[in-house]
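*Asks:* Would you mind keeping the following structure in view while I ask a few things?
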Amino acid sequence: MHQVSVTNLTRQVVVRGGRAFPPLSTTTAFVGKSGMKEIQACIYLKSRLVEPEGNTPQAVEPIEPIEVVPPVEPVEPPEPTETVKEPTETDDPVESEQEYACPVCDYKTDNKRGLQAHIRQRHPAEYERLRSE
Ligand SMILES: [Zn+2]
């Protein structure tokens, strides 16, 4: 229900919203929502909504809390001071698919025949043992 102060501007009784408003006078009435619309739409009536003190539920809208999300800054690693990479990191020596290492010493070769020759010449005992296996 709305309490409205309605002023009838005409010289006739105006009936709006189920209420009769005497001519050239102001009447305070309680009307429903539809009656309020009817009164406000009437050009013969000048209405003013009377809000009871301390009761203004329609005027105050709940303030929704605004969730403040701080911008997430990506954690970047510190800038590397060395911009030039070591050449050995980028240019890895292509290792041979097959590498033959001498089981006795640190001799290495990608040639199986070369390793056999090495063992036969440098490590004759080992050479004989490998042949016997
Ligand atoms: Zn060797």
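In this note's numbering, the protein residues as written are 3 to 135.
Cβ coordinates follow ideal geometry from the N, Cα and C atoms, glycine included.
1) Whole angstroms is fine: what's the gap from methionine 38's alpha carbon to glutamate 66's?
2) Near ligand 1, which residues have their beta-carbon less than 5 Å from any of its heavy atoms, given in chain order?
3) Ends of the alpha helix (DSSP H) at histidine 120?
4) Name the residue from Glu69, Cys44, His4, Arg122 whose alpha carbon lies nearest to the alpha carbon of valine 106.
5) Take every Cβ of the segment 73-82, pair it with every Cβ of the segment 29-45, and state whether three or more of those distances are shorter than 8 Å.
6) Within the continuous alpha helix (DSSP H) that includes glutamine 42, where are the two ends?
7) Using a Cβ-Cβ cutoff of less than 7 Å, which residues in the same chain neighbour glutamine 14 once the five nearest sequence positions on both sides are dropped?
8) Rounded to the nearest angstrom, what separates arginine 50 and alanine 22 at their Cα positions?
9) To which residues of the same chain is glycine 20 closer than 7 Å at the C-beta, ignoring the five residues directly before and after it?
*Replies:* Quick answer:
1) When rounded, the distance between both Cα atoms is 29 Å.
2) If you measure from each CB to the nearest heavy atom of ligand 1, the residues under 5 Å come out as Cys104, Val106, Cys107, Tyr109, Arg124.
3) From DSSP, the alpha helix (DSSP H) with histidine 120 extends over 114-124.
4) Selected option, being the one with the closest Cα: Arg122.
5) No, they do not touch.
6) Glutamine 42 -> alpha helix (DSSP H) spans 35-43.
7) Result list for glutamine 14: Pro25, in chain order.
8) Taking the straight line joining both Cα atoms gives about 16 Å.
9) The residues are Gly37.
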